Amino acid sequence: MSPYLLPIIAIILGLFMLNKSANIFIDTSVSLSSILGMPTFIIGIVIIGFGTSVPELVISALASIQGQPGISIGNAYGSNIANIGLILGISALLMPLIIKPITIKKELVILLAVTLVSVWLLSDNYLSRIDGIILLLTLTVFMVFTVYFSMKQAKNEATNNFKDIALHEKMDVDIIIHDDNTKESSFSGSLVKTSVFILIGLVGIILSSHILVWGASEVAFLMGINELIIGLTIVAVGTSLPELASAIVSIRKKHNDLVLGNVIGSNFFNTLAVVGVAGAIHPLEIQANVLYRDMSIMTAMSVFILVLGYKGFFNIEVKVGRFAGAIFLSSYATYILYLLFQYFP
1068 MSPYLLPIIA
1078 IILGLFMLNK
1088 SANIFIDTSV
1098 SLSSILGMPT
1108 FIIGIVIIGF
1118 GTSVPELVIS
1128 ALASIQGQPG
1138 ISIGNAYGSN
1148 IANIGLILGI
1158 SALLMPLIIK
1168 PITIKKELVI
1178 LLAVTLVSVW
1188 LLSDNYLSRI
1198 DGIILLLTLT
1208 VFMVFTVYFS
1218 MKQAKNEATN
1228 NFKDIALHEK
1238 MDVDIIIHDD
1248 NTKESSFSGS
1258 LVKTSVFILI
1268 GLVGIILSSH
1278 ILVWGASEVA
1288 FLMGINELII
1298 GLTIVAVGTS
1308 LPELASAIVS
1318 IRKKHNDLVL
1328 GNVIGSNFFN
1338 TLAVVGVAGA
1348 IHPLEIQANV
1358 LYRDMSIMTA
1368 MSVFILVLGY
1378 KGFFNIEVKV
1388 GRFAGAIFLS
1398 SYATYILYLL
1408 FQYFP
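Be aware that the sequence shown starts at 1068, since it is given in our numbering, and climbs by one per residue.
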């Protein structure tokens, strides 16, 4: 029997299980958020953004524990490159994407700033525990402010809506609020079931990640390929499947404005949470080409999105068309071919 058979089966099985488990985790997390009455913005940023990055987070953590920095770091930054080049490229080819001015002025600028901070922290080719903690603290501060301001905004909007309804219907605001809470409580019966499925999805992600990391490591060892390349290609694309699935569903449902938000949120969590957790668990030596090749490409792609959306700074809605999508996709294909030709001349 070929020594490659089991590792290849493990990679295929791991990717399949990872995708299914991630879908269960994301879908049930959104359901739980709705049951608990969380604002839509929080669901999008916290649940979808974090949920689609759970595979990367688990795999990088496991690889870090096992002393495999190539897979750990390659998975995180390779997924970021795949999110922009592959997912954004395919999405724009299927349907032109709409970028709202607030997304350009806020989310895109913050993502670029976070990317530059991570480049600075890894400029010494070493991810220390302090670096990891700094990334995690940055994530925590951002999330606290995001949740606080979005909850405050949602509360103000709800209050204004209730007042408008009360004036229109000549009803008391307190009665309307009471009725609304009564309606929300009708979903409480599925709370336990939803929580159980969240747990099943999370266990599936952890188990499939173990299988995938083992298979990828074995293939890299048997073929003499740098594990970083495995992390940047096979593992990165595999863990980006939830983002790709979310993007395709958004396009099918004509919510093409959500695609870029999904990519930005995922890249944000990958850069801060995934790399941060990996560094906090175990300090990692970083190969020089990660900084000069992979992080440079990741940064350049982020800047390109910002350049495409420059009109957003003037409060003009921006459309990312099929031509831009072709540029993203061809850039990603060129990057992958370059990686492969380095090890398969």
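Virtual Cβ for every residue (Gly too), placed ideally from N, Cα, C. As the structure is a computational prediction, the values presented were derived from the model and not from experiment.
Chain B contact for residue i (CB, 9 Å cutoff)
i       : result
Val1186 : Of the protein chains in this structure there is only one, and it is not chain B.
Beta carbon of residue i nearer than 9 Å to that of residue j
i       : j       : result
Leu1194 : Leu1351 : yes
Ala1340 : Leu1204 : no
Ile1177 : Gly1376 : no
Gly1291 : Gly1081 : no
Ser1088 : Ile1272 : yes
Ser1333 : Asn1147 : yes
Asn1091 : Phe1264 : Note that residue 1091 corresponds to Ile in the displayed sequence, not to Asn. Cβ atoms of Ile1091 and Phe1264: closer than 9 Å.
Leu1299 : Asp1361 : yes
Ser1284 : Ile1075 : no
Val1280 : Gln1135 : yes
Gly1152 : Leu1308 : no
Pro1168 : Val1326 : no
Leu1202 : Gly1346 : yes
For residue i, three-class secondary structure by DSSP
i       : result
Leu1189 : coil
Ile1273 : helix
Ala1400 : helix
Ala1077 : helix
Lys1250 : Caution is warranted here: a pLDDT of 39 is assigned to Lys1250, below 50, making its placement in the model unreliable, and the coordinate value is therefore given only provisionally. Looking at Lys1250 - three-state DSSP - the assignment turns out to be helix.
Residue i versus residue j: straight-line alpha-carbon distance, rounded
i       : j       : result
Phe1288 : Ile1353 : 19 Å
Ser1120 : Val1286 : 24 Å
Lys1173 : Ser1185 : 18 Å
Ser1098 : Thr1261 : 7 Å
Leu1358 : Met1084 : 31 Å
Asn1293 : Phe1335 : 26 Å
Asn1356 : Thr1182 : 16 Å
Val1342 : Ile1140 : 7 Å
Asn1150 : Gln1133 : 26 Å
Leu1311 : Val1330 : 9 Å
Ile1165 : Ala1314 : 13 Å
Gly1328 : Tyr1071 : 39 Å
Phe1371 : Ile1278 : 36 Å
Ile1079 : Ile1383 : 44 Å
Ser1127 : Ala1393 : 30 Å
Gly1379 : Ala1143 : 28 Å
Phe1212 : Met1368 : 27 Å
Ile1297 : Ala1180 : 28 Å
Leu1295 : Leu1407 : 12 Å
Ser1158 : Lys1321 : 12 Å
Phe1381 : Met1365 : 26 Å
Asn1337 : Glu1123 : 7 Å
Contact test: residue i Cβ vs the ligand MG heavy atom, cutoff 8 Å
i       : result
Tyr1071 : This structure simply doesn't include the ligand MG, nor any ligand for that matter.
N- and C-terminal bounds of the alpha helix (DSSP H) containing residue i
i       : result
Ile1297 : Glu1294 to Ile1297
Val1125 : Val1121 to Ile1132
3-residue-minimum beta strand (DSSP E) runs that sit fully inside the stretch 1307 to 1387, ordered along the chain: 1385 to 1387
Scan the stretch 1142 to 1172 and note each continuous beta strand (DSSP E) run of 3 residues or more that stays entirely inside, going in chain order. 1164 to 1166
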